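Beneath this line is the structure, given in structure tokens, with notes to follow.
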Amino acid sequence: MKLFLKTVLLSAIVCLCYPLSAAPKSDDGKVSEKEIARRVETLMKKMTLREKLGQLTQLRPSTGTVTGPSGEPMVVEDFIREGCCGSLLSVRKSEDITRYQRIAVDSSRLGIPLLFGKDIIHGCRIVFPENLGLSSSWDMDVIEKSARIAAAESAAYGIAWTFSPMCDISTDPRWGRVSEGSGEDPYLGSAIARAMVHGYQGDDLADKSTIIACVKHFAAYGAPQAGRDYHTVDMSERMFRDRYLPPYRAAVEAGAATVMSSFNDFDAIPATGNKWLLQTVLRDELGFKGFVVTDYNAVHEMVEHGVAADGKEAAALAMDAHVNMDMVDSDFIKYGEELVREKRISEKTIDMLCREVLAVKFRLGLFDDPFRYGGKARENEFYLPENMEVARDAARKSMVLLQNNDDILPLNGTERIALIGPYGNSGDEMLGAWRGYGESSRAVTFLAGLQERFGRENVSFSEGCKPFAAIEGGADAAVAAARDADVVLLTLGLPSKCSGEATSLTSIEVPQAQRDLLDAVAATGKPVVVLLVTGRPMDIGYETEKADAVLLTWHAGTMAGKALADVVSGDFNPSGRLSMTFPLNIGQVPVHYNMKRTGRPMLDPASRAKYLSRYMFTPNEPRYCFGYGLSYTTFDYSDLKVLTPEVAVGEPVKVSVKVTNSGKRDGAEVVQLYIRDLVASTTRPVRELKGFERVFLKAGESKTVEFVIRPEDMAFCRRDMKFAQEAGDFHVWAGHDSNAELQGMFTVK
Ligand code: BGC
0 MKLFLKTVLL SAIVCLCYPL SAAPKSDDGK VSEKEIARRV ETLMKKMTLR
50 EKLGQLTQLR PSTGTVTGPS GEPMVVEDFI REGCCGSLLS VRKSEDITRY
100 QRIAVDSSRL GIPLLFGKDI IHGCRIVFPE NLGLSSSWDM DVIEKSARIA
150 AAESAAYGIA WTFSPMCDIS TDPRWGRVSE GSGEDPYLGS AIARAMVHGY
200 QGDDLADKST IIACVKHFAA YGAPQAGRDY HTVDMSERMF RDRYLPPYRA
250 AVEAGAATVM SSFNDFDAIP ATGNKWLLQT VLRDELGFKG FVVTDYNAVH
300 EMVEHGVAAD GKEAAALAMD AHVNMDMVDS DFIKYGEELV REKRISEKTI
350 DMLCREVLAV KFRLGLFDDP FRYGGKAREN EFYLPENMEV ARDAARKSMV
400 LLQNNDDILP LNGTERIALI GPYGNSGDEM LGAWRGYGES SRAVTFLAGL
450 QERFGRENVS FSEGCKPFAA IEGGADAAVA AARDADVVLL TLGLPSKCSG
500 EATSLTSIEV PQAQRDLLDA VAATGKPVVV LLVTGRPMDI GYETEKADAV
550 LLTWHAGTMA GKALADVVSG DFNPSGRLSM TFPLNIGQVP VHYNMKRTGR
600 PMLDPASRAK YLSRYMFTPN EPRYCFGYGL SYTTFDYSDL KVLTPEVAVG
650 EPVKVSVKVT NSGKRDGAEV VQLYIRDLVA STTRPVRELK GFERVFLKAG
700 ESKTVEFVIR PEDMAFCRRD MKFAQEAGDF HVWAGHDSNA ELQGMFTVK
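Under numbering that gives the first Met the number 0, think of the first position of the sequence shown as 0, with each following residue one higher.
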């Protein structure tokens, strides 16, 4: 009874402190920033130092999903009650979210609501293709929609904060986290970062279906040495600014409310204690106004990095670098008061850090209704049929046709199909890494999708082998199934558990057990279509020799089977294009299209000259270049016109190109535009993507696509370290991929 009375009283106080109805709103109907600042200050005046540190603390309850080392067990309920926790990470069940929130609101002194965060990176309930797959769609509309749906489902589940988009450029397929990003290119990566932030956050954070985004991992986490996760990052500031910074910048400019500091060091200083990154670049240059959360335990890991003697010193480093929230290791709450007492951190700094966190909570409307996210009543917002169709569209647009000898695809619909391989009948394997609150039971398997499209009786299934091991009798059964069919669809690749964090590999070949299966099946002489299931580029030289066609399906998400059926049947003409180069073999890594030229460029691939930048026994060219992808039709390019052959610095360049669907089927093409700065004050990449457009063309139809290259698109980190444009001559190419041949020229005066 006593508790009940206290609860009622506290709730009443909270309501009195933060009445929404009284909150003045701006013209756009949102609570104004001025009003938010006022409410933050009112609340801050009531807070003790410890409570402020509490707002800077994110804990992982034992009921949460484990996404890192488990650390000390703790009773988070006690921390919440004492006002020593501002946020919880990865709570698994929706009802637990409500329960924890109830404790925060009813049983802590000030009733400050918790912010619940989770990695909802490619879907929440409905799972979309893994991000590298999504990026291969080059379709900003479908990517933004996927984020919007993920946000709506997360909000309905109780999560108001996602740790996405991952804006880490990476050129190294050994690094498993490439599956979470958008590939190797800063221009495409920036467009995707913007689309995702808009998708998650919408126009109004206080809307019940929007959530806050978190730009990660700041910074340059995608460039660990040798592709080994968490490893040292060492690059020049110039390289960082030219290639790695742009997508983070784009996400910040799109209004992302939070940023995550990364695990890695950068120029020998761990990012989480790196004031240059977090203050000078992020806040002073990019103008970031939200709050920074660390990656998991990243404060304390500065002790392992060897730049702090203990957790206390690590906390001081992070706070001083302008980190607002400490994820999991709780060093802020453990040592914050001591640090202030010892005058190593000022209370003013803590106030600033806390203010920025509280402002975001106010913007989300959490104080007005702490239970607006989640709750039983919102369960009917999951798996909406129209959203499932978006997932299907995203999945089929993500698939990339890599090889199609003799136009074996699309199937003509009369064949008997043998679906073979370890991923053919697994919902789980469709979901990939970081699958939000996805349920494998809801995933449409390849088998289900094909049977629905082609008839149950026309599609057989045989597992053949496990991803890394043979199954007794598996190959024999698969061979029998192949003999009995007209065509084999063979799933090969890497399982979900080889995607995402802590999945670095030194081989990107298809595991031997699967190759043995391919050998056995191919020996039947039946046509073989490999369905490549993977979250990273792979070396598939062996497979392309043995198979007739290769369709890169990725881990395609909840609607994988339907999307696959759409593509192999020809109901949907594949239009996916690689956003990351597929190397010829691992020895070429890192290999990407936007390399520098060097002083001894290998201009003629057939040259036998020795003293060139080349390998002795391997070509420089990758297996599949950036932007590559086949279609069931063909596209021809002509009439490349530079409409502004001479412009002044600061003026845009306009280029147009005619693209014609020269084949017999309707289909979409991703028209790509590349430039090269011929002579500059620093060495420049041989090509850089500066425009792209997806166009749908009926068979025989032509369209002229016009591109505008903005002055800022031509800016780079010049010799004087200014990020700006330079005068000079440029080549420009438009076409199907990064090897586009149609060339023009322009001059910036
Ligand atoms: C990952 C982050 C993730 C965090 C929370 C870390 O291990 O690096 O990307 O957001 O865990 O789950």
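Heads up, the beta-carbon is just placed ideally off N, CA and C, and yes, glycines get one too.
Since the model is a prediction, treat every value here as computed from it, not as a measurement.
Check                                                                                                                                                           : Outcome
Just verifying my parser: in three-state terms, what is the DSSP assignment at H730?                                                                            : strand
Please check the pair K92 and T62, which I expect to be a contact at CB under 8 Å, by giving their CB distance rounded to whole angstroms.                      : 7 Å
Who are the Cβ neighbours of Q742 in its own chain at under 8 Å, not counting the five residues just before and after it?                                       : L639, H730, V731 and W732
Between S260 and V322, how many whole angstroms is the CB-CB distance? I'm expecting something under 8 Å.                                                       : 6 Å
Mapping the DSSP letters down to three states, classify A314 as helix, strand or coil.                                                                          : helix
Quick check: is any heavy atom of ligand 3 less than 7 Å from the C-beta of T66?                                                                                : Although ligand 3 was asked about, the structure shown includes only ligand 1 as ligands.
At the level of alpha carbons, what is the spacing between A521 and Q57?                                                                                        : 53 Å
Three-state secondary structure (DSSP) at L131?                                                                                                                 : helix
If distances are taken between C-alpha atoms only, which option among F78, R124, K653 and N738 comes closest to F381?                                           : R124
Check whether the Cβ of M601 lies closer than 7 Å to any heavy atom of ligand 1, and answer yes or no.                                                          : no
Helix, strand or coil for E700, going by three-state DSSP, please let me know.                                                                                  : coil
According to DSSP, simplified to helix, strand and coil, what is L401?                                                                                          : strand
Starting from H216, follow the beta strand (DSSP E) in both directions and report where the run begins and ends.                                                : C213 to F217
Would you report the Cα separation of D309 and N619, rounded to the nearest angstrom?                                                                           : 47 Å
Measuring CB atoms only, is the region 143 to 163 touching the region 207 to 214, in the sense that at least three cross pairs come out at less than 8 Å?       : yes
I'd like the ranges of any beta strand (DSSP E) spanning at least 3 consecutive residues and lying wholly in the region 493 to 564.                             : 527 to 532 and 548 to 551
Could you tell me how far apart the beta carbons of L276 and F287 are, in whole angstroms, since I believe they sit closer than 8 Å?                            : Contact doesn't hold; Cβ gap of about 11 Å is too wide.
Using a Cβ-Cβ cutoff of less than 8 Å, which residues in the same chain neighbour V327 once the five nearest sequence positions on both sides are dropped?      : Q57, L58, R59, G67, G70, L88, Y295 and N296
On the DSSP bridge assignment, give the partners of C716 in chain order.                                                                                        : F722
With DSSP run on the structure shown, which of helix, strand or coil describes C84?                                                                             : coil
Excluding the 5 residues flanking V214 on each side, which residues of the same chain have their C-beta closer than 8 Å to its C-beta?                          : P164, C166, A192, V196, Y247, A250, V251, A255, T257, V258 and M259
DSSP three-state call for C464: helix, strand or coil?                                                                                                          : strand
For the alpha helix (DSSP H) that contains K45, what are its first and last residues?                                                                           : E32 to K45
What's the call for Q224, buried or exposed, on a 16-neighbour Cβ count within 10 Å?                                                                            : exposed
Since Y673 sits in a beta bridge, which residues does DSSP pair it with?                                                                                        : L688 and W732
Between the Cα of E650 and those of M744, I708 and M73, spot the shortest distance and give me the residue it belongs to.                                       : I708
Span of the alpha helix (DSSP H) holding Y636?                                                                                                                  : Y636 -> not in any alpha helix (DSSP H); beta strand (DSSP E) instead, spanning F634 to V641.
Does ligand 1 have a heavy atom nearer than 7 Å to the CB of G722?                                                                                              : For the record, residue 722 in the displayed sequence is Phe; it is not Gly. Checking every heavy atom of ligand 1 against the Cβ of F722, none is found closer than 7 Å.
Could you tell me whether the region 402 to 418 touches the region 165 to 179, where touching means 3 or more Cβ pairs closer than 8 Å?                         : no
Is it buried or exposed, M720, if we count other Cβ atoms within 10 angstroms and call 16 or more buried?                                                       : exposed
Closer than 7 Å: is that where the CB of D264 sits relative to any heavy atom of ligand 1?                                                                      : no
Across the region 561 to 568 and the region 535 to 546, are there enough close Cβ pairs to call them in contact, namely three or more that are closer than 8 Å? : no
Of all the options V486, T293, R391 and G690, which has the alpha carbon lying nearest to the alpha carbon of G752?                                             : No statement about residue 752 is possible, as the shown extent of the chain runs from 0 to 748 and does not include it.
Thinking just about the alpha-carbon of each residue, which of M713, E94, S329 and A320 is nearest to the one in V74?                                           : S329
Could you tell me whether the region 339 to 357 touches the region 174 to 188, using the rule of 3 or more Cβ pairs below 8 Å?                                  : no
Pull up the distance between the alpha-carbon of G374 and that of G110, whole angstroms please.                                                                 : 19 Å
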